[in-house]
Each structure stands twice: as structure tokens, then as C-alpha cells.
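K.L.:
What the sequence shown shows, in the numbering used here, is residues 111 to 256, in sequence order. Ideal placement from N, C-alpha and C gives every residue a C-beta, glycine not left out. No experiment lies behind these values; they were computed from the predicted model shown.
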Amino acid sequence: MPFTHVAKYQGQIASAAILGTPTKASYNGIPRVVFSNPEIAAAGLTKVQADEQGISTAAVELDVTQAIARPWTYEREPRGHLGLLADTERGTLIGAWAVAPLSGEWIHQASLAIRAQIPIETLRDQVAQFPTYNEAYQAAMDKLRL
């Protein structure tokens, strides 16, 4: 993953090893962002990658303009989509993507959920600040069927 944020992370791993507190690196859930207009962001696995690994999945895609208020408070011609991919056997989020304004900022909620393997039921119990793009995760979780 040739990203600046990954290089910074690897520097932290190397520093810890040099200082005598080695830490195992984990690249699970690292966010990927294209800073376009709108931004394109993703974290974790794609459906194809999950299928190749034999993971049983459930997916949901959400038009954020139809599901939450933030696109309408942010721009005059709102746009955006969010997708989630869950492991149905473990009940955890394993992938997420968004094509929407500022998605590089709000993909981190999914990235953390994937890295920490937070159960879907815990994610569904999250209270998102209104109006924010993060509410899209809650709306998508409500539609996700494991």
C-alpha cells in the first residue's frame, strides 16, 4: 500500500522495534482515498477479495442523499453513495467504501470497525452526531442483513 499514512504507520512499527517494544503490523482496514470531487474512499476487503478468501458476506449500498440530511446541508446538488460488506459468520464489518464529499474524512469510522473487528450489533448501537456524513453508517447498518 504505497500511501503516506501507511509509511508513517510503518515508521511507528520500526521505531517501536528499535526501542525494544516490537509491535506486529496489521494492514487490516487501512483506508484508501482518492482526493477527487467527490472523494472516493474505501477500507478493508472488496466483495471479490472476500469471495476469493471464501468469506460468506452480506452487503448493502446506500444513496446518502436519500438516507441522511448532511448532503443537503453541505451542498446545493447533493450526491454520494456508501457501501458496507460484512462477514456473516463472524458478524463483523470487513469492507466499506464511499463516493461522496469528504468521504476521506468519514471512512475512518469503518476503518476502525474493521481493524478492531467490532461486532455489527455494537456498530448498530452507535449514536451518530446529526447532521453528519457518519450517519450514513448507521443508516446502512440498519439495512444490512446478516
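Are residue 206 and residue 195 touching if we call contact CB-CB under 8 Å?
P.N.:
To locate residue 206, count along the sequence shown from 1; it is residue 96. To locate residue 195, count along the sequence shown from 1; it is residue 85. Cβ atoms of residue 206 and residue 195: closer than 8 Å.
K.L.:
Thinking C-alpha only, which one of 143, 208, 232, 226 is nearest residue 181?
P.N.:
Mapped onto the sequence shown, residue 181 falls at position 71. Ranking 143, 208, 232, 226 by Cα distance to residue 181 puts 208 first.
K.L.:
Have a look at the DSSP bridge pairing and note the partners of residue 158.
P.N.:
In the sequence shown, the residue the question calls residue 158 occupies position 48. Beta-bridge pairing links residue 158 to no other residue.
K.L.:
Where residue 116 and residue 130 are concerned, what is the direct C-alpha to C-alpha distance, given to the nearest angstrom?
P.N.:
Within the sequence shown, numbered from 1, the residue matching residue 116 stands at position 6. Within the sequence shown, numbered from 1, the residue matching residue 130 stands at position 20. Each residue's Cα considered, the two are about 21 Å apart.
K.L.:
Taking residue 149 as the reference, which of 255, 243, 256 has the closest Cα?
P.N.:
Along the sequence shown, one-based indexing puts residue 149 at 39. Looking at the Cα atoms, 243 is the closest of the given residues.
K.L.:
Contact defined as beta carbons within less than 8 Å: I believe residue 187 pairs with residue 211. What is the distance between those atoms, to the nearest angstrom?
P.N.:
For the purposes of this step, residue 187 is taken as residue 77 along the sequence shown, with counting starting at 1. For the purposes of this step, residue 211 is taken as residue 101 along the sequence shown, with counting starting at 1. Not confirmed; about 11 Å, so no contact.
K.L.:
For residue 139, is the classification buried or exposed, using 16 other Cβ atoms within 10 angstroms of its Cβ as the cut-off for buried?
P.N.:
On the sequence shown, residue 139 is found 29 positions in, with the first residue counted as 1. Burial call: buried.
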